Amino acid sequence: MGLLSLGTPLQWEEAKKYAEHVRKNGIEQFISIWRQTKDSSAEPFVWGDELEYIVVKFNPKDQTAHISLDAAKSIKVLQQEEMDALANDDNRQVYKSNAHMHEVWRDPGAVLN
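In this note's numbering, the protein residues as written are 35 to 147.
Shown next, in the form of structure tokens:
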């Protein structure tokens with residue numbers, strides 16, 4: 035995903051029509067990618083790569099997880115930890131906010147600096 039700069043998002047009622055298709059195909063794509071990469075060794079995170087994280091809050095008492103809308107707070111913590119750990123490393127990662135309040139992006143930092 036990326037910044038929506040062209041087009042417009044569907045309204046919820048229209049988007050719901052495609053939910054089952056997206057869910058089924060998304061799961062199939064995830065399993066396919068996982069099978070292809072599950073045995074690979076750690077490869078470097080390079081320019082052009084991007085990871086997206088969904089921030090959740092976990093309640094251990096009742097074993098539930100809910101989407102958190104505190105991604106900005108998480109980014110600050112992640113950035114500080116990254117800076118502390120890799121102060122002299124040009125290959126550090128860059129954490130950025132997304133248009134959504136529950137997502138964090140991570141890109142390789144060297145090329146972007």
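All residues carry an ideal CB built from backbone N, CA and C; glycine is no exception. None of the values given here were measured: they were computed from a predicted structure.
- In this structure, DSSP gives residue 116 a helical state, which the three-state scheme calls helix.
- Between the alpha carbons of residue 88 and residue 73 lies a gap of roughly 24 Å.
- Collapsing the DSSP output to three states places residue 55 in a helix.
- In the displayed model, residue 62 falls within a helix according to three-state DSSP.
- By the CB criterion at 8 Å, residue 112 and residue 90 fall outside the cutoff.
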